[in-house]
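Asks:
Residue numbers (the working numbering), protein chains in the order written: chain P, -16 to 145; chain A, 249 to 897; chain Z, 4 to 102.
#1: How about residue 385 (chain A) and residue 332 (chain A): are their beta carbons less than 8 Å apart?
#2: Along chain P, in chain order, which residues have C-beta atoms closer than 9 Å to that of residue 71 (chain Z)?
#3: Along the alpha helix (DSSP H) that carries residue 689 (chain A), what are the first and last residues, could you check?
#4: The beta strand (DSSP E) with residue 317 (chain A) in it runs from where to where?
#5: Go ahead and pull the three-state DSSP assignment for residue 816 (chain A).
#6: Report the partner residues of residue 731 (chain A) according to the DSSP bridge assignment.
#7: Could you list the residues in the segment 70 to 85 of chain P with a C-beta less than 9 Å from some C-beta on chain A, going in chain order?
#8: Identify the contact partners of residue 94 (chain Z) in chain A, using a Cβ-Cβ distance below 8 Å as the criterion.
#9: So, does the CB of residue 19 (chain Z) fall closer than 8 Å to a CB anywhere in chain P?
#10: With DSSP run on the structure shown, which of helix, strand or coil describes residue 16 (chain Z)?
#11: For residue 684 (chain A) and residue 734 (chain A), what's the separation of their Cα atoms in angstroms?
#12: Could you round the C-beta distance between residue 427 (chain A) and residue 483 (chain A) to whole angstroms and report it? I think they count as a contact, below 8 Å.
#13: What residue ranges within the segment 400 to 466 of chain A form continuous alpha helix (DSSP H) runs of no fewer than 4 residues, ordered along the chain?
#14: Helix, strand or coil for residue 327 (chain A)? Go by DSSP, reduced to three states.
#15: Could you list which residues in chain P have their beta carbon closer than 8 Å to that of residue 892 (chain A), in chain order?
#16: If you draw a straight line from the alpha carbon of residue 325 (chain A) to that of residue 452 (chain A), how long is it in whole angstroms?
#17: Near residue 816 (chain A), which residues of its chain fall below 8 Å by C-beta distance, leaving aside the five closest residues on each side in sequence?
#18: Figure out for me which residue from A:489, A:660, A:635 has the closest Cα to the Cα of residue 544 (chain A).
#19: In terms of alpha-carbon separation, which member of A:441, A:494, A:467 lies closest to residue 407 (chain A)?
#20: According to DSSP, which residues form a beta bridge with residue 662 (chain A)?
#21: Taking 7 Å as the limit between beta carbons, can you name the residues of its chain near residue 595 (chain A), skipping five residues before and five after?
#22: I want to verify the contact list: residues of chain Z whose CB lies under 9 Å from the CB of residue 884 (chain A), in sequence order.
#23: Run down chain P in chain order and give the residues with a C-beta less than 8 Å from the C-beta of residue 84 (chain Z).
#24: Against chain Z, with Cβ distances strictly below 8 Å, would residue 867 (chain A) count as a contact?
#25: Throw me the rounded Cβ distance for the residue 207 (chain A) and residue 589 (chain A) pair, which I believe falls under 8 Å.
#26: Along chain A, which residues have their Cβ under 8 Å away from the Cβ of residue 90 (chain P)?
#27: Below 8 Å between beta carbons: does that hold for residue 520 (chain A) and residue 480 (chain A)?
#28: How long is the line joining the alpha carbons of residue 91 (chain P) and residue -6 (chain P), rounded to whole angstroms?
#29: Between residue 604 (chain A) and residue 501 (chain A), how many whole angstroms is the CB-CB distance? I'm expecting something under 8 Å.
#30: Could you tell me which residues DSSP puts in a beta bridge with residue 386 (chain A)?
#31: Determine the extent of the alpha helix (DSSP H) in which residue 551 (chain A) is found, giving its start and end residues.
#32: Which residues, taken in chain order from the segment -12 to 1 of chain P, show a beta carbon closer than 7 Å to some beta carbon of chain Z?
#33: I'd like to check one pair, residue 284 (chain A) with residue 258 (chain A): are the Cβ atoms closer than 8 Å?
#34: Anyone know if the C-beta pair for residue 542 (chain A) and residue 677 (chain A) falls short of 8 Å?
#35: Compare the C-beta of residue 880 (chain A) against all C-beta atoms of chain Z and say whether one is closer than 8 Å.
#36: Are the CB atoms of residue 31 (chain P) and residue 64 (chain Z) within a distance shorter than 8 Å?
Right under this line is the structure:
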């Protein structure tokens, strides 16, 4: 019961932070709100017996990605005038379309009822995930590592001064 | 039905020759060009002879040999093969085509020797032999039509061979377009055939006609026969589509000899011979054939009287002789028609080659009024030409006599003929003898009327030209001896003297045309009348053009309107011009071009579609503004629409 | 476990992400919105992994985090390059696709 309540609290926090993230003008602020979203989600992961994932979420997402984004924003040091947003008709329509999409998705999700089963206690441990990754999901794992390698090389190549 | 696996070689050799000369001829030296072309066509002739003797080995009743090469079209129960068929009829025809064709190839070496487009000429000539052998050997009517169109194309290319001359190019177009009109009828005939018989194979069609002929609709068969005959009137220059043939003389003379006298123009006759059973089942169509043929024979002969161009006379004479052949087909004397086709191929090819020799000697002059007295300059040409003239006039024992006499006699004796047709035949024979000897007298006898600068150059043609002429002259004499009427045969104590008809008999046996029986005396009398008529024509010509050379002009003045009418060929070209060509031209100009082409096709179709694309893209380009967020928005909108559709559906 | 609630949370996060991508013109915020969309998906994966006691969902979430890292790496590289050549980080001023 406590877990359920905590999930709802973390969820509300994540949604609130997400809204703040897209509403704030300054990308630095947005990035910090983004970090908060990730923290909240890590909490939900932990409550759902995905401890390893929660750890990765904090280490990789919050610790690496968010920090990297903040760092690049500070590095580029762009003109504050860029931050002045314009409200256009298209943006209004975009919000309406997004709202329609939301309602449509609710129709799909609302129709589901997931009961779920109780997983074994070792579920979500690093050993367990590592076993699955390196046996059944070895091929996707290898593919994603190649992708990562390509991204690293590509990122360096694109960003370097020529 | 036995197989004969080398028949495809007959069209194959000329095709190879065509490809070699057509692709590389420009760079080859002249001797190589004519050697390639001649070897190709002589090889075909050799194969044809071998095939002929192989055919003779078979029992007469089963002389149908086929060479299935390739299944060409196979769809919905309809199978059209590239399959060659050798029976007595196609054997005779292929021998004539390749034989005469080979001789004319040899002749062409001399005739065309200083033409700049030497390679093009021989390439076309080989292509013609290829197409013609396809036409002749075809075992179904679609393949025959392929050859039919192929020879039409070659005819067009060779009539307009000297296309720098506007008039000659026009003659080529005229031939092609006139033939297209006929071909339209031919196509309708093929389609109707497919509907009625469900097959287009000649052997199958004959089987159906033999065993179930009575159950088929006579109207449909008549329609098929008439449609196909319309095609034949185009290709074989019969009324009303004969107008292209006289103009076709614009081509090189050997071409006139090969295509427009000996082989291609007889394709229509051959086609009727091939489908003789079909025509036999359609008496009305046969009557139409006979009537059209009779009219053509007579009118073309009258037109030949007044012509002064040596080749034009021969052209009208060809139309007239083709009329004879169709007359034979129309009255059901199929063998006689094919017989005349063969002898005509010999002597008419010879006449054209002879005229070509004369034109060659006269430095290109074709007007007979400028000739005269050529006998002493070119004896070989004169004697061979005279042989052919006697043959076409029907003087025994030359080839033309036997075939023409058989046609005239059949037109009287056949249950489908009659005394009117016979009379037309005899009168035409008199006119034929007259105009042919008029030609001979004006060209070879009397005084030389040619201009001085031409006179010096008059010479006998080289051996490469005269040898084919001599061979054809020999054939013009003895060619008729294979089809001697039994009445004459009895005189010489020869049984079964008409070998030719006997050879062809299996092909035409099922047609069952009834011939009335008359006494031998009657037959002798009729023979005497036609020979007498021919002699009369020769005498008139002798009197008018040798004895009293002033008379023709006086007669012409006396019957001036008639003379003018004949001289202008009954104004048929003019009538066609005002009745068909001019209206079509106007419609094309005002409606098809200025309205349909400019407004509908260009305006609405071409520019309209371009404009509509431009208009649409003018609106759509605001979408495509390079702003990534608009693209994302479009993408999400698409997702929303698809999901919404799935939800509602 | 409130699976349905978690699903609805994921949907809301997804919609927030979509809206951010469509509405904001700062490329950093667009990038973070895309990350938000990815996280919404991860949430669903993990929820279902728990519901069916199947580690597959967690493995895929792991791979997806890796993908996000790669994406951010390349994306930030591009931003640096754009900043250098165009002197802006506003997506509506970057319309190379038009030319």
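Positions of the beta carbon are idealized from the N, C-alpha and C atoms, including for glycine.
Replies: Taking the geometry as given:
#1: Position 137 of the second chain, counted from the first residue, corresponds to residue 385 (chain A). Position 84 of the second chain, counted from the first residue, corresponds to residue 332 (chain A). In contact: residue 385 (chain A) and residue 332 (chain A) (Cβ atoms closer than 8 Å).
#2: Here residue 71 (chain Z) is taken as the residue at index 68 of the third chain, counted from 1. 43, 44, 48, listed in chain order.
#3: Here residue 689 (chain A) refers to the residue found at position 441 when the second chain is read from its first residue. For residue 689 (chain A), the enclosing alpha helix (DSSP H) covers residues 667 to 692.
#4: Position 69 of the second chain holds residue 317 (chain A). It spans 313 to 323 - the beta strand (DSSP E) in which residue 317 (chain A) sits, taken as one unbroken run.
#5: As a working mapping, residue 816 (chain A) is identified with position 568 in the second chain. Residue 816 (chain A) falls in the coil class under three-state DSSP.
#6: Here the question's residue 731 (chain A) lines up with position 483 in the second chain. In DSSP, residue 731 (chain A) forms a bridge with A:746.
#7: 73, 74, 76, 77, 80, 81, 83, 84
#8: As a position in the third chain, residue 94 (chain Z) is number 91, starting the count at 1. Those are 875, 876, 877, listed as they occur along chain A.
#9: By one-based count along the third chain, residue 19 (chain Z) stands at place 16. Interface annotation, residue 19 (chain Z): in contact with chain P, CB-CB separation under 8 Å.
#10: Along the third chain, read from residue 1 onward, the residue named residue 16 (chain Z) stands at position 13. The answer is helix: DSSP assigns residue 16 (chain Z) an H, G or I state.
#11: Residue 684 (chain A) sits at position 436 when you count from the first residue of the second chain. Residue 734 (chain A) sits at position 486 when you count from the first residue of the second chain. Using only the alpha carbons, I get a separation of about 29 Å.
#12: Residue 427 (chain A) sits at position 179 when you count from the first residue of the second chain. Residue 483 (chain A) sits at position 235 when you count from the first residue of the second chain. Confirmed, Cβ separation roughly 6 Å.
#13: 414 to 445, 450 to 460
#14: Here residue 327 (chain A) corresponds to residue number 79 of the second chain, with the count starting at 1. If DSSP states are grouped into helix, strand and coil, residue 327 (chain A) belongs with the strands.
#15: Locating residue 892 (chain A) in the second chain gives position 644, counting from the first residue. Here the neighbours are 83, 87.
#16: The sequence position of residue 325 (chain A) within the second chain is 77, counting from 1. The sequence position of residue 452 (chain A) within the second chain is 204, counting from 1. Rounded to whole angstroms, residue 325 (chain A) to residue 452 (chain A) spans 14 Å at the Cα level.
#17: For the purposes of this step, residue 816 (chain A) is identified with residue 568 of the second chain, where counting begins at 1. Correct list, in chain order: 822.
#18: Sequence index remark: in the second chain, residue 544 (chain A) carries index 296 (1-based). The residue with the shortest Cα to Cα distance from residue 544 (chain A) is A:489.
#19: Counting from one through the second chain, the residue named residue 407 (chain A) turns up at place 159. Of A:441, A:494, A:467, the residue nearest in Cα terms is A:494.
#20: For this step, residue 662 (chain A) is matched to residue 414 along the second chain. Residue 662 (chain A) is bridged to A:763.
#21: Mapped onto the second chain, residue 595 (chain A) falls at position 347. These residues qualify, in order along the chain: 636, 639, 640, 647, 648, 724.
#22: Taking the first residue of the second chain as position 1, residue 884 (chain A) is located at position 636. Those are 21, 24, 25, listed as they occur along chain Z.
#23: Along the third chain, one-based indexing puts residue 84 (chain Z) at 81. From the beta-carbon of residue 84 (chain Z), the residues of chain P found nearer than 8 Å are 141, 142.
#24: Against the second chain, residue 867 (chain A) aligns to sequence position 619. No, its Cβ sits nowhere closer than 8 Å to a Cβ of chain Z.
#25: The structure shown does not extend to residue 207 (chain A), since chain A is modelled only from 249 through 897, so no value can be given for it.
#26: Mapped onto the first chain, residue 90 (chain P) falls at position 107. Simply 895.
#27: Within the second chain, residue 520 (chain A) is the residue found at index 272, counting from 1. Within the second chain, residue 480 (chain A) is the residue found at index 232, counting from 1. Yes, Cβ-Cβ distance for residue 520 (chain A) and residue 480 (chain A) is below 8 Å.
#28: Numbered from 1 along the first chain, position 108 holds the residue referred to as residue 91 (chain P). Numbered from 1 along the first chain, position 11 holds the residue referred to as residue -6 (chain P). Near 20 Å, if we compare the C-alpha coordinates of residue -6 (chain P) and residue 91 (chain P).
#29: Start at 1 with the first residue of the second chain, and residue 604 (chain A) comes out as number 356. Start at 1 with the first residue of the second chain, and residue 501 (chain A) comes out as number 253. The Cβ separation is near 3 Å, so the contact holds.
#30: Residue 386 (chain A) sits at position 138 when you count from the first residue of the second chain. Per DSSP, A:332.
#31: Position 303 of the second chain, counted from the start, is the residue given in the question as residue 551 (chain A). Taken as a continuous stretch (DSSP letters only), the alpha helix (DSSP H) holding residue 551 (chain A) covers 531 to 553.
#32: -10, -9, -6, -3, -2, 1
#33: The count along the second chain starts at 1 and reaches residue 258 (chain A) at position 10. The count along the second chain starts at 1 and reaches residue 284 (chain A) at position 36. Cβ distance not < 8 Å, so residue 258 (chain A) and residue 284 (chain A) don't count as in contact.
#34: Mapped onto the second chain, residue 542 (chain A) falls at position 294. Mapped onto the second chain, residue 677 (chain A) falls at position 429. Result no, Cβ atoms of residue 542 (chain A) and residue 677 (chain A) do not sit closer than 8 Å.
#35: Here residue 880 (chain A) is taken as the residue at index 632 of the second chain, counted from 1. Yes, residue 880 (chain A) counts as interfacial toward chain Z.
#36: Here residue 64 (chain Z) refers to the residue found at position 61 of the third chain. Here residue 31 (chain P) refers to the residue found at position 48 of the first chain. Not a contact, by the Cβ cut-off of 8 Å.
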